[in-house]
Each structure stands twice: as C-alpha cells, then as structure tokens.
Amino acid sequence: MIFGCDKDENVDFVKNIAAPTNISAGVNVIPDNTGLTQITPTGDGVASFVVDFGDGSEVSESLAPGEYAEHMYAEGTFEAIITATGINGKSATGTQTVNVSFRAPENITINTAIDGANPFVLNVSATADYASSFLVFFDTTNPDEEGTPLELDGTVSNEYPGVGDYNIKVVALSGGVESSELEQTVTISAPVVFPVDFEVFDASAFIGFGGASAAVIDNPDTNGNSSSKVGEIVKGGPEVWAGNVITMSSPIDFSLKKAIKMNVWSPRAGGKLLLKIENLDDAGIFVEKEVTLEGTSTWEEAVFDFSDIDESQSYQKLVYFFDFGTVGAGGPEWTFYIDDINQTIPSSGATGLPGQWVMAPEGGALGVGPSVGDVSWWNCDADCVAARACYYDDVYIFGNDGSFQNDLGAETWTEGWQGGGDSCGTPVAPHDGSNPATYVYDEGAGTVTLSGVGAFIGLAKAYNGGELSSPGDAPASITYNLEFLDNDTIAVNIDVGGGTFWQFKLIRAGVVTTPLTGTWQLANEGGALGVGPSLGDVSWWNCDPACVTGRACYYDDLYVFGADGSFQNVPGAETWIEGWQGGGDSCGTPVAPHDGSIPATYSYDGGAGTFTLNGKGSYIGLPKAVNGSEISDPNAAPDAVVYNVTFADANTINVSIDVGGGTYWQYKLVKI
30 MIFGCDKDEN VDFVKNIAAP TNISAGVNVI PDNTGLTQIT PTGDGVASFV VDFGDGSEVS
90 ESLAPGEYAE HMYAEGTFEA IITATGINGK SATGTQTVNV SFRAPENITI NTAIDGANPF
150 VLNVSATADY ASSFLVFFDT TNPDEEGTPL ELDGTVSNEY PGVGDYNIKV VALSGGVESS
210 ELEQTVTISA PVVFPVDFEV FDASAFIGFG GASAAVIDNP DTNGNSSSKV GEIVKGGPEV
270 WAGNVITMSS PIDFSLKKAI KMNVWSPRAG GKLLLKIENL DDAGIFVEKE VTLEGTSTWE
330 EAVFDFSDID ESQSYQKLVY FFDFGTVGAG GPEWTFYIDD INQTIPSSGA TGLPGQWVMA
390 PEGGALGVGP SVGDVSWWNC DADCVAARAC YYDDVYIFGN DGSFQNDLGA ETWTEGWQGG
450 GDSCGTPVAP HDGSNPATYV YDEGAGTVTL SGVGAFIGLA KAYNGGELSS PGDAPASITY
510 NLEFLDNDTI AVNIDVGGGT FWQFKLIRAG VVTTPLTGTW QLANEGGALG VGPSLGDVSW
570 WNCDPACVTG RACYYDDLYV FGADGSFQNV PGAETWIEGW QGGGDSCGTP VAPHDGSIPA
630 TYSYDGGAGT FTLNGKGSYI GLPKAVNGSE ISDPNAAPDA VVYNVTFADA NTINVSIDVG
690 GGTYWQYKLV KI
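In this note's numbering, the protein residues as written are 30 to 701.
Pasting the structure below:
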C-alpha cells in the first residue's frame with residue numbers, strides 16, 4: 030500500500046507566528062570618557078535586530094540575537110529604539126534609555142621644556158587619566174587669554190615677552206561637562222652672555238637713563254651687518270650724560286680677552302662713543318674708554334682696549350655714552366644702533382710698526398675692489414703668488430727713527446707703465462728705494478704717510494686719488510690706511526679714486542704665516558661640535574643651542590696658532606671636564622696635560638688639507654679624540670695629533686678627526 034500527499038512542505042503555520050515580544054537591550058558604557066557604548070538587544074521570537082541610537086546618527090547594521098552594536102556617544106541621555114524582526118518578517122519595537130556621563134580627569138601631569146633654540150619659548154605637553162583633550166593657559170594673570178587646545182600626545186608652544194616667573198594652567202577635558210585643572214609656575218630666563226647679538230635677548234637687561242631710550246628692533250640696515258635684530262639707542266634730553274646700560278648675567282672675565290668689540294651704526298660723523306665697564310653694585314668701580322666713530326650711517330667696528338683694567342675688581346655692566354657731554358635732541362641725528370658685542374684679545378701691535386715687512390705669500394693678499402675687504406675685481410691667487418716670487422720677497426722697512434725704505438732686491442715685478450713687460454725685472458726709479466724717505470704713523474686715525482718720491486707700499490702705481498702712468502709723476506708723499514690684524518700682520522689699503530681700493534696684507538719679515546695663524550674658538554652655535562659616521566654628518570650627537578649655553582665655559586676656550594709655529598690651548602680658569610678626566614661632565618678646572626701647560630708647535634699641510642699638533646696634551650675641540658681612538662686616561666695623551674681641515678672662508682674652518690670604526694668628531698671654529 031502506498032501513501033502520498035499533494036505537498037511535501039506546508040509552512041502556513043509560520044505565518045501565524047506572532048511578532049517578537051519583550052524587546053529591550055543591555056547597555057554597557059565603557060568607563061574611559063570616550064563615549065564608547067555597547068548595546069546588546071534582547072527579545073523573544075527574534076531573528077534579527079536593528080538599533081537606532083537615538084542621537085541622530087545612522088542606525089546599526091542588522092544584528093543576530095546575542096550580538097551587540099558599538100557606538101560613540103557624546104555625554105548625555107538618549108532613547109535608543111530597538112527594532113526586532115521575526116522569521117516571518119513581523120517586527121516590533123522597544124526603547125532603551127542610554128545614560129552617558131564622563132568622569133572628571135585624574136592624575137594630571139604637566140610637562141614643560143624650554144625650547145633649545147630660543148630661551149623665551151616654552152613647550153608644553155600633558156597627560157591625565159580619562160582626558161580627551163586639554164586647554165593650556167600660558168599666563169593666568171592675563172584675563173583675556175583664550176586657552177590653547179592641546180591634543181593627547183601633542184605639544185603646544187608659547188613665546189614669552191621677557192624673563193620672569195609665569196603661572197601656567199592646564200585644563201583636562203573629559204569630553205563632557207566634567208573637567209580638572211592643574212597650575213604650575215615656570216621660570217623664563219635668558220642669560221646675557223657674550224656674544225650679545227640681540228637675536229634672542231632679554232630686553233629687560235638693556236635700559237636707558239638720563240633721556241636716552243633703549244630697544245631691540247629689526248635691523249634697519251643689513252648692508253655690512255646681516256643680523257635680524259639690533260639694539261637701538263636714541264639719545265634725547267635733558268642730560269648730557271644720557272646713556273644706556275647692558276647688565277651681563279655674571280661678571281666679565283678679563284683674564285684672557287681684555288678688549289670689547291662691537292658693531293656700531295652712527296649718523297654723526299666724527300662722533301664719539303664712550304664705553305664704561307662698571308661694577309654691578311658700586312658705580313664707583315669702573316674703567317672707561319672712548320673711541321671716535323666714522324659715523325657715515327653705515328656699520329663699523331669699534332674696539333675698546335681694557336688691557337689696563339684692575340682684574341681684582343668685578344665688572345658686570347656695559348654702559349654706553351654717545352657724544353658724552355652733549356645734550357641729545359632725539360630724532361634721526363641722535364639714533365644709534367649697536368650689535369655683535371663680544372670680548373676679544375687686544376692687538377699688541379698697534380705701536381709695533383717699526384721693523385721689516387713683506388707681502389703675505391698667500392692668495393688674496395694683493396687685490397683690488399669696490400670697498401675695503403672686497404678684492405673681487407682682481408686679486409693675486411696662489412698661482413699668481415708663485416709667478417711673482419720676485420715681488421713677494423720685497424721688503425718694506427719702517428725704522429725706529431722714522432725712516433722708511435723699499436728694499437726690492439735685484440728683481441721685482443715691473444709693469445708696462447714702468448717700461449717693463451708685466452714680469453720680473455730690475456726695479457725702476459724712483460720706485461727702487463733709491464730716494465731717502467720717512468714715515469709718520471697715526472695710530473688714532475689708522476693711517477701711515479710715506480714722504481719721499483717713489484716710496485710706496487704694495488703697488489708702485491697706486492697713490493691717493495689715482496694710478497700712475499709714468500714713473501716721473503710719482504708724488505712726494507702718499508697716505509695709506511693701516512690696520513693691525515695682530516702683532517705681526519697688517520692690512521693696508523689706498524683709495525685711488527672712483528670707488529677703487531687697492532689692498533695689501535703684509536706680515537713681519539721672518540714670520541712663517543699660514544692660513545691658520547691667529548686665535549680661534551669653537552663657533553658659538555648649535556652643531557659646531559658633533560660626531561657622526563662621515564664628514565658633514567653629526568647625526569649621532571651634536572651640541573645643540575641649549576648645550577652650547579650649558580657649556581659656555583668650553584665655548585670660550587682659545588686655540589692659538591702662533592706666527593712662529595707655536596701652538597697653545599688657552600682654556601681659561603674653567604673648561605668642560607668629562608668623567609674620564611676625573612670630572613663630572615661639567616665645568617671645572619682644566620686637567621693636565623690638556624690644560625695648555627706643555628709647550629707645543631704645529632705644522633700645516635695645505636695640499637693634504639691637514640695640520641699636526643706636536644706636544645703632549647695639545648688638541649682641537651675634544652681632548653679624548655685622537656687618531657684612531659678615544660683615550661680614557663689623561664696620561665695616555667699622544668705626543669702628536671693630526672687633524673683634517675677645510676676653510677669655509679678666511680675666518681671659518683671645519684676640523685675633523687677619525688677616531689676609528691667609522692667615527693668622526695667634527696668641529697667648526699671661527700677666528701677671533
């Protein structure tokens with residue numbers, strides 16, 4: 030017997046299933062102040078759910094029973110609508126109240142740091158439990174300040190107008206109504222130390238008195254001085270002693286550098302600048318020097334020699350008087366600018382002109398250009414020096430009795446106007462030293478006058494206002510401008526008219542000079558001291574601006590290359606002492622043999638780009654860095670060290686040393 034049916038599946042009963050009931054939801058607000066909330070719908074007879082979060086946002090995706098939806102709420106109360114659908118498509122809704130409240134942030138920590146490049150800039154970051162963001166107030170005494178938004182893991186900055194203590198406030202926001210706050214005092218300080226260049230400067234240390242004003246302003250004349258900021262002084266009435274003062278952060282050390290130099294801009298031709306070095310507390314303890322300014326409304330350098338200063342006293346103030354004794358009237362004619370104030374070593378050769386001098390046998394020692402210091406029109410380069418050896422051995426003799434003589438030897442360089450062929454040849458009268466001559470040196474004016482037909486310095490044809498075209502037209506006297514660069518080096522120039530300046534660099538005869546000859550120190554800037562895997566790369570470590578400030582005792586160390594081939598480290602009373610020297614990585618008394626106590630010499634190899642220091646303990650930059658290694662005991666100092674050197678310009682060198690293992694210590698030095 031066989032049984033059958035018309036339909037194998039009869040689902041009519043499904044249509045009769047009721048819509049879902051008991052619609053609700055479980056709510057879990059994550060307690061981290063993010064607003065993250067988990068909603069788990071529940072109900073009977075449900076195949077799927079959809080959640081409308083009740084805050085105007087998009088509804089959730091379809092959820093199976095047991096699944097939950099995540100949603101980010103703002104703080105508040107919301108009515109979530111749960112739509113439940115059965116297997117037959119019938120649906121029902123229910124509501125669920127969602128309460129989202131944020132707790133007040135806890136455990137606020139404020140992190141502050143002075144910017145390494147600018148001591149007036151404060152960088153602030155913060156952390157707090159349950160914080161969504163922050164507001165930073167940099168000065169709570171300012172009622173108009175609006176908080177600066179600070180994100181989590183972010184940093185915000187503010188530049189303060191001057192030194193002092195400032196109260197900052199950080200408000201930690203919960204993301205809702207609740208918040209917490211914390212205040213902290215920060216100290217902004219900017220030590221006033223040499224060199225004073227006004228780029229980053231505590232203006233409160235620069236004041237005027239007696240009718241003179243003082244201000245730090247944008248440089249109004251960048252010709253001859255590329256600084257962005259300078260000090261402005263306006264002298265007004267009523268006092269003849271109206272002046273200005275810069276107070277240094279610590280007493281000035283005159284043990285080595287006994288002169289003060291600065292750039293000055295004055296509109297008053299022939300005006301005078303009096304500089305008084307004064308005790309911090311007792312105005313009766315002072316030394317003052319006065320110089321006469323060219324006052325051509327251009328930048329010029331003024332140098333004040335305090336070699337006779339009483340070093341037993343303490344001096345901390347620099348007091349300036351323009352045209353002391355005259356009442357200023359303000360305005361453009363009484364507006365002055367100062368910049369780049371620094372200590373230097375006085376020239377010991379200002380009265381040392383008597384003796385025998387020759388042209389420095391180096392490129393650029395003979396040249397011509399549109400201004401003093403510029404020989405871009407033409408100059409005798411190294412090849413020219415070699416070709417004119419007969420000229421570079423000419424001797425210029427200044428006698429103690431005021432006599433002068435050109436001693437040109439059997440040959441000198443003769444030009445076409447002399448009947449020569451622009452080549453070495455027999456000296457041509459009257460420029461052959463055959464006529465008696467005398468000289469007068471005016472130290473104050475910086476000039477030397479030769480009297481005697483045919484007497485000359487540097488170039489026979491150059492005279493005041495012109496160039497000779499015939500030997501017979503030689504004048505009876507010529508006046509040259511003369512400046513001592515050091516005791517054994519002079520710079521001489523003459524204006525031949527039409528804005529044309531012939532320029533000559535001479536050295537004392539018998540002196541062996543090199544481009545290194547002179548006094549050098551590390552450039553007072555970030556990155557001048559560093560180490561890295563190759564030349565030009567100091568990425569492993571370098572002394573940034575904050576480090577430079579912290580090691581001021583090191584950045585004033587002097588490296589003296591003598592014209593006689595001698596070398597000396599002059600670290601002063603303190604330098605930077607490292608642990609291997611028995612110090613604590615801090616300023617301290619120099620440690621032998623790296624204290625300059627042992628005599629040393631140097632030799633320079635221009636072709637190889639190297640120089641060698643001979644003398645135990647002599648070094649450049651870092652005492653521990655020697656050829657092939659870093660020493661860990663002062664007594665292990667070698668007798669000689671070889672350094673690589675390149676010249677960025679005549680007054681800037683880059684020195685490096687390979688200590689082995691692909692490690693290069695590198696130093697940038699400037700001539701002072």
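All residues carry an ideal CB built from backbone N, CA and C; glycine is no exception.
Q. When burial is assigned at 16 or more other CB atoms within 10 Å of the CB, is Trp407 buried or exposed?
A. Mapped onto the sequence shown, residue 407 falls at position 378. Flag for Trp407 reads exposed.
Q) Where does Thr443 land, buried or exposed, given buried means 16+ other C-beta within 10 angstroms? A) Taking the sequence shown and counting its residues from 1, the one referred to as residue 443 is at position 414. Buried: at least 16 other Cβ atoms inside 10 Å.
Q.
Here's the rule: buried if 16 or more other CB atoms are within 10 angstroms of the residue's CB, otherwise exposed. What is Leu651?
A. Numbered from its first residue, the sequence shown carries residue 651 at position 622. Label assigned to Leu651: buried.
Q. Val699: which of Ile606, Gln550, Asp339 and Ala474 sits nearest, CA to CA?
A. Taking the sequence shown and counting its residues from 1, the one referred to as residue 699 is at position 670. Ranking Ile606, Gln550, Asp339 and Ala474 by Cα distance to Val699 puts Gln550 first.
**Q.** Neighbourhood of Ser377 by C-beta distance below 6 angstroms, restricted to the same chain and skipping five residues each side
**A.** Looking up residue 377 in the sequence shown gives position 348. Residue placement at Ser377 cannot be trusted, given a pLDDT of 44 that sits under 50; what the coordinates show is reported in the next sentence. Contacts found: Asn516.
Q) With 16 other CB atoms within 10 Å as the buried threshold, where does Gly55 fall? A) Looking up residue 55 in the sequence shown gives position 26. Per the 10 Å Cβ criterion, exposed.
Q) In chain order, which alpha helix (DSSP H) runs of at least 4 residues are fully inside the stretch 553-621? A) 574-579 and 581-584
Q.
Counting C-beta neighbours from all protein chains within 10 Å, is the total for Gly547 16 or more, i.e. buried, or is it exposed?
A. Translated into positions along the sequence shown, residue 547 becomes position 518. Classification for Gly547: buried.
Q: Look at the Cβ atom of Asp624, then the Cβ atom of Asn643, and state whether they are nearer than 8 angstroms.
A: Here residue 624 is taken as the residue at index 595 of the sequence shown, counted from 1. Here residue 643 is taken as the residue at index 614 of the sequence shown, counted from 1. No.
Q: Name the one or two DSSP bridge partners that Ala157 has.
A: For the purposes of this step, residue 157 is taken as residue 128 along the sequence shown, with counting starting at 1. Paired residues: none, contrary to the question.
(Q) By DSSP's criteria, Asn187 is part of a beta bridge. Which residues make up the other side? (A) Taking the sequence shown and counting its residues from 1, the one referred to as residue 187 is at position 158. Leu151, per the DSSP bridge assignment.
Q. Is the number of C-beta pairs between the stretch 154-162 and the stretch 582-591 that are closer than 8 angstroms three or more?
A. no
Q. How would you write the range of the beta strand (DSSP E) that Tyr509 sits in, first residue to last?
A. On the sequence shown, position 480 is the one that residue 509 refers to. Unbroken beta strand (DSSP E) run through Tyr509: Ser506 to Asp515.
Q: Just the C-alpha distance for Ser480 and Ser506, rounded to the nearest angstrom, thanks.
A: Taking the first residue of the sequence shown as 1, we reach residue 480 at position 451. Taking the first residue of the sequence shown as 1, we reach residue 506 at position 477. The straight-line gap from Cα to Cα measures roughly 4 angstroms.
Q.
Between Ala288 and Ile374, how many whole angstroms is the CB-CB distance? I'm expecting something under 8 angstroms.
A. Mapped onto the sequence shown, residue 288 falls at position 259. Mapped onto the sequence shown, residue 374 falls at position 345. With 8 angstroms as the limit, Ala288 and Ile374 qualify as a contact, their Cβ atoms being about 7 angstroms apart.
Q) From what residue to what residue does the alpha helix (DSSP H) around Tyr349 run? A) Counting from 1 along the sequence shown, the entry for residue 349 is found at position 320. That residue, Tyr349, is in no alpha helix (DSSP H); its beta strand (DSSP E) goes Lys346 to Phe351.
Q) So the alpha helix (DSSP H) Ala146 belongs to, where does it begin and stop? A) Counting from one through the sequence shown, the residue named residue 146 turns up at place 117. Boundaries for Ala146: no alpha helix (DSSP H) harbours it, and the DSSP string shows neither H nor E there.
Q: Could you give the DSSP three-state label for Asp412: helix, strand or coil?
A: What you label residue 412 is simply residue 383 of the sequence shown in a count that begins at 1. Three-state DSSP puts Asp412 in a helix.
Q.
Please classify Pro49 as buried or exposed, where buried requires at least 16 neighbouring CB atoms within 10 angstroms.
A. As a first step, residue 49 must be located in the sequence shown, where it is residue number 20. Buried, by the Cβ-count rule.
Q. Helix, strand or coil: how does DSSP classify Asp471 here?
A. Against the sequence shown, residue 471 aligns to sequence position 442. Reduced to three states, the DSSP call for Asp471 is strand.
Q: Please classify Ile246: is it buried, with 16 or more other beta-carbons within 10 angstroms of its beta-carbon, or exposed?
A: Here residue 246 refers to the residue found at position 217 of the sequence shown. Label assigned to Ile246: exposed.
Q) Based on Cα-Cα distance, which residue from Ala677, Val577 and Phe333 lies nearest to Asn147? A) As a working note, residue 147 is residue 118 in the sequence shown. Comparing Cα positions, the closest option is Val577.
Q: Please determine, among Tyr344, Ala103 and Gly475, the residue with the shortest C-alpha to C-alpha distance to Glu206.
A: By 1-based counting over the sequence shown, the position of residue 206 is 177. One detail in the question is off: residue 206 reads as Val in this sequence, not Glu. Val206 has its Cα closest to that of Ala103, out of Tyr344, Ala103 and Gly475.
Q) DSSP beta-bridge partners for Gln385? A) Numbered from 1 along the sequence shown, position 356 holds the residue referred to as residue 385. Bridge partners of Gln385: Ile426.
Q: Find the nearest neighbour of Asp662 within the set Ile649, Trp569, Ala621 and Gly118, judged by alpha-carbon distance.
A: Counting from one through the sequence shown, the residue named residue 662 turns up at place 633. It is Ala621.
Q: Could you work out which residue in Asp226, Trp386, Gly636 and Asn252 is closest to Gly260 when comparing CA atoms only?
A: Residue 260 sits at position 231 when you count from the first residue of the sequence shown. Cα-wise, what sits closest to Gly260 is Asp226.
Q: State the CB to CB distance for the pair Gly398 and Ala411, rounded to an integer number of angstroms; the pair is presumed to be in contact (CB under 8 angstroms).
A: Along the sequence shown, one-based indexing puts residue 398 at 369. Along the sequence shown, one-based indexing puts residue 411 at 382. Actually they do not touch by this definition, with Cβ atoms about 18 angstroms apart.
Q) Along the chain, where does the beta strand (DSSP E) that runs through Ala243 open and close? A) Translated into the one-based positions of the sequence shown, residue 243 becomes position 214. Looking at the DSSP string, the run of the beta strand (DSSP E) that includes Ala243 is Ala241 to Asp247.
Q | For Asn429 and Asp566, the rounded distance between their alpha carbons | A | To locate residue 566, count along the sequence shown from 1; it is residue 537. To locate residue 429, count along the sequence shown from 1; it is residue 400. Rounded to whole angstroms, Asp566 to Asn429 spans 53 angstroms at the Cα level.
Q: Measure the C-alpha to C-alpha separation of Asp339 and Phe350 and round it to an integer number of angstroms.
A: Counting from one through the sequence shown, the residue named residue 339 turns up at place 310. Counting from one through the sequence shown, the residue named residue 350 turns up at place 321. Going from the Cα of Asp339 to the Cα of Phe350 covers about 22 angstroms.
(Q) Relative to the C-alpha of Val457, which candidate in Thr467, Gly473, Tyr470 and Leu437 has its C-alpha closest? (A) Sequence index remark: in the sequence shown, residue 457 carries index 428 (1-based). Out of Thr467, Gly473, Tyr470 and Leu437, Leu437 has the C-alpha closest to the C-alpha of Val457.
Q) Does the stretch 344-364 touch the stretch 296-305, meaning 3 or more C-beta pairs lie closer than 8 angstroms? A) yes
Q.
Whole angstroms are fine: how far does the CA of Lys119 sit from the CA of Val43?
A. The sequence position of residue 43 within the sequence shown is 14, counting from 1. The sequence position of residue 119 within the sequence shown is 90, counting from 1. Using only the alpha carbons, I get a separation of about 11 angstroms.
Q. Among Gly691, Asn248 and Val185, which has the Cα closest to the Cα of Leu564?
A. Here residue 564 refers to the residue found at position 535 when the sequence shown is read from its first residue. That would be Gly691, whose Cα lies nearest to the Cα of Leu564.
Q) Regarding Phe167 and the ligand PLP, is the C-beta to nearest heavy atom distance less than 7 angstroms? A) You won't find the ligand PLP in this model; it holds no ligand whatsoever.
(Q) Can you look up Lys44 in the DSSP assignment and give me helix, strand or coil? (A) Reading the sequence shown from its first residue, position 15 is the one you call residue 44. Here DSSP, grouped into helix, strand and coil, assigns Lys44 to helix.
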